[in-house]
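In my numbering, the protein residues as written are 7 to 425. Built from N, CA and C at the ideal position, the CB exists for glycine as well. This report concerns only the one structure given below.
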Amino acid sequence: MNNVDNCEQIGLAEVLNDKIDENKQEFSSNVTRQKQNIITISVDEEWIENNLIDMPFIYYYQNKSKEKVVNAVKYTWKSNDGLERCIEVRSSIHGVPSPFEYEVLLALLRIHFRNNNDVVISNKKISNKINFTFRELSKEMGFKGFGGKNKERLDKAIEVLCDTNIYNTAFGGLYDPVEKIYITDAKKVVGILGHYETYSYINTDGNPILDRKSLKDKASVVIDEFFFNNICNGKGKISNKSLRLSLKNDLARRIYLIINKWRNNRNEMYITYKKLYERIPLDDSKTVSYRNRRIRSACQELKDKKYLKDYEANKEGIIFVFKNKDKNKKSPDTTQNLLLRYTTYTEVLKGLLKYGFTYEEVDKYLELDKIPMAQAILRYVDIHINNIDNPKFYIIGTLIKGNKDILNNPIYSEAAITK
């Protein structure tokens with residue numbers, strides 16, 4: 007997975023100040039000898055930067071009370087090394103970004119790519135300033151009309167995105183794509199959009215005429231450097247724009263992006279509810295049954311739209327089926343099947359070797375008192391392999407630090423059953 011947990015290394019970006027426009031910046035990679043990667047975006051596709059898919063920064067709970075605006079939210083998740091990560095999202099009086107703001111952001115990026123001939127060329131100099139009109143943005147959002155109310159909604163959404171900052175925490179929520187490590191020893195704040203300007207025709211005095219309700223007014227906004235560095239280096243994912251925008255359920259759109267990025271052409275994949283809570287995100291301010299019901303509803307729409315062949319929900323998560331399954335094949339997550347695996351030391355040893363361990367590493371990490379943890383984590387990795395980019399690294403991290411959630415789960419651990 008190329009996500010916020012596992013961003014690929016990108017070249018250092020140089021910011022070139024444009025003397026004509028102080029708000030316009032250009033970025034170029036200093037990796038001059040690297041072969042260029044050209045990504046062509048077709049009319050039915052969209053190209054979305056990896057962090058905008060993987061980083062959980064959108065608030066997916068409807069705020070029914072206009073008086074109680076949510077101005078800050080903390081989101082936590084576990085990276086592939088088993089460690090907890092956390093970011094804090096802070097915004098303005100309008101609140102943190104909702105699914106509508108997310109769609110506005112993606113629409114602006116589609117306009118930006120169209121302005122650049124729908125081609126993303128890695129390591130090529132490109133402006134991070136998006137020029138657009140509100141009529142153009144309204145059309146990109148799929149609005150049927152072009153009235154002033156839609157203009158005001160879009161204007162407010164862009165303001166929210168400009169006012170939003172994502173704060174790194176001591177847990178290391180932000181990933182340094184150059185060093186390939188999480189930032190844990192420094193405070194770092196990234197934005198989403200900035201330098202927002204709206205202007206129309208110039209009057210006789212040479213001053214811009216601003217009309218909040220005019221759809222003809224031109225506008226511009228700048229993408230934050232944190233995201234734009236990855237855009238310049240081709241770090242993103244192509245998705246089916248027509249399919250995604252046809253989805254009515256906000257959660258279905260979000261889940262589509264997640265599984266489309268993580269699938270890697272597999273016929274089926276399994277994701278736990280907990281992982282989906284973390285990455286959508288859906289925090290625990292709502293009940294488990296409420297969150298699971300929303301996820302299943304989103305999966306049903308994905309099935310109705312023929313993106314999923316089928317899906318299977320159990321107590322722990324969802325099996326997403328993209329092609330016909332072998333009906334004789336047993337579900338990979340039954341307790342009976344899993345607990346029959348890795349019951350002897352020889353089987354545990356073979357399991358670790360299967361995931362890339364050397365005999366020296368087995369001696370180093372597999373202490374006698376950690377065999378129950380090794381049994382449980384091997385079973386866990388076996389059925390979550392689609393979601394784990396580096397199984398060996400994940401297993402090592404768990405053997406060192408432990409994982410009570412897995413060890414106390416009767417699906418993976420005999421010890422949990424005997425408690």
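- prompt: Where do the ends of the alpha helix (DSSP H) carrying T364 lie?
  reply: Numbered from 1 along the sequence shown, position 358 holds the residue referred to as residue 364. Where T364 is concerned, there is no enclosing alpha helix (DSSP H), given that its DSSP letter is neither H nor E.
Per the DSSP calculation, Y81 is bridged to which residue(s)? Numbered from its first residue, the sequence shown carries residue 81 at position 75. Its beta-bridge partners are I93.
- prompt: If Y276 sits next to I198, beta carbons under 8 Å apart, how far is it from one beta carbon to the other, in whole angstroms?
  reply: Numbered from its first residue, the sequence shown carries residue 276 at position 270. Numbered from its first residue, the sequence shown carries residue 198 at position 192. Y276 to I198, Cβ: 32 Å. No contact.
Item to check | Nonlocal neighbours in the same chain, by C-beta distance under 7 Å from N393, ignoring five residues either side | outcome: To locate residue 393, count along the sequence shown from 1; it is residue 387. Once the five neighbours on either side are set aside, the close Cβ partners of N393 are W268, I277 and K281.
What does a CB cutoff of less than 6 Å around K194 pick up in its chain, not counting 5 residues either side in sequence?
Taking the first residue of the sequence shown as 1, we reach residue 194 at position 188. Excluding positions up to five away in sequence, the list reads N174 and L180.
Three-state class that DSSP yields for T190 in the structure shown | Here the question's residue 190 lines up with position 184 in the sequence shown. Three-state DSSP puts T190 in coil, outside helix and strand.
Considering only their Cβ atoms, is the gap separating A382 from L405 smaller than 8 Å? What you label residue 405 is simply residue 399 of the sequence shown in a count that begins at 1. What you label residue 382 is simply residue 376 of the sequence shown in a count that begins at 1. In this structure, A382 does not lie closer than 8 Å to L405 by Cβ.
- Query: In or out: D310 buried (at least 16 other Cβ within 10 Å) or exposed?
  - Reply: Your numbering for residue 310 matches position 304 in the sequence shown. Its Cβ having fewer than 16 others within 10 Å, D310 is exposed.
To the nearest angstrom, how far is it from the Cα of S226 to the Cα of K135?
Here residue 226 refers to the residue found at position 220 when the sequence shown is read from its first residue. Here residue 135 refers to the residue found at position 129 when the sequence shown is read from its first residue. So the alpha carbons of these two residues sit roughly 7 Å apart.
Exercise for review: Please look up how many angstroms separate the CB atoms of V263 and S245, rounded, as I've assumed it's under 8 Å.
Suggested key: One-based indexing of the sequence shown puts residue 263 at position 257. One-based indexing of the sequence shown puts residue 245 at position 239. Residue identity differs from the one stated: residue 263 is Leu in this sequence, not Val. 6 Å between Cβ atoms; contact.
Kindly indicate which residue of I402, G154 and K80 has the alpha-carbon position closest to the one of G357. Here residue 357 is taken as the residue at index 351 of the sequence shown, counted from 1. Ranking I402, G154 and K80 by Cα distance to G357 puts I402 first.
Inset, instruction - With DSSP as the reference, label E379 as helix, strand or coil. - result: For the purposes of this step, residue 379 is identified with residue 373 of the sequence shown, where counting begins at 1. Correcting the residue identity first, residue 379 is Met in this sequence and not Glu. Helix.
Output the distance between the C-alpha atoms of A413 and H390, rounded to the nearest integer angstrom.
Mapped onto the sequence shown, residue 413 falls at position 407. Mapped onto the sequence shown, residue 390 falls at position 384. It should be noted that the sequence gives Leu, not Ala, for residue 413. Looking at the two C-alpha atoms, the distance is approximately 15 Å.
TODO: Identify which residue in K398, Y351, N171 and V327 has its Cα closest to the Cα of D375.
DONE: Start at 1 with the first residue of the sequence shown, and residue 375 comes out as number 369. Closest option to D375, Cα to Cα, is Y351.
Is the beta carbon of I237 sitting closer than 8 Å to the one on E52?
Translated into the one-based positions of the sequence shown, residue 237 becomes position 231. Translated into the one-based positions of the sequence shown, residue 52 becomes position 46. Contact: no.
message: What residue range does the beta strand (DSSP E) around D310 cover?
response: Translated into the one-based positions of the sequence shown, residue 310 becomes position 304. No beta strand (DSSP E) contains D310, which is instead part of the alpha helix (DSSP H) from V294 to D310.
Determine the direct distance from the alpha carbon of T190 to that of A78, and round the result to whole angstroms. Taking the sequence shown and counting its residues from 1, one reaches residue 78 at position 72. Taking the sequence shown and counting its residues from 1, one reaches residue 190 at position 184. Rounded to the nearest angstrom, the two C-alpha atoms are 21 Å apart.
Taking 7 Å as the limit between beta carbons, can you name the residues of its chain near E109, skipping five residues before and five after? Here residue 109 corresponds to residue number 103 of the sequence shown, with the count starting at 1. Within the same chain, E109 has close Cβ partners M147.
Nearest-angstrom Cα separation, counted from K243 out to D411
Position 405 of the sequence shown, counted from the start, is the residue given in the question as residue 411. Position 237 of the sequence shown, counted from the start, is the residue given in the question as residue 243. Each residue's alpha carbon lies about 32 Å from the other.
Within 8 Å, strictly: CB atoms of S303 and N255: Here residue 303 refers to the residue found at position 297 of the sequence shown. Here residue 255 refers to the residue found at position 249 of the sequence shown. Yes. Within cutoff.
**Report entry** Through-space distance from R299 to L111, alpha-carbon basis
**Finding:** Counting from one through the sequence shown, the residue named residue 111 turns up at place 105. Counting from one through the sequence shown, the residue named residue 299 turns up at place 293. About 27 Å.
Checklist entry - Which of the three DSSP states, helix, strand or coil, is assigned to G148? => result Residue numbering aside, residue 148 sits at position 142 when the sequence shown is read from its first letter. Coil.
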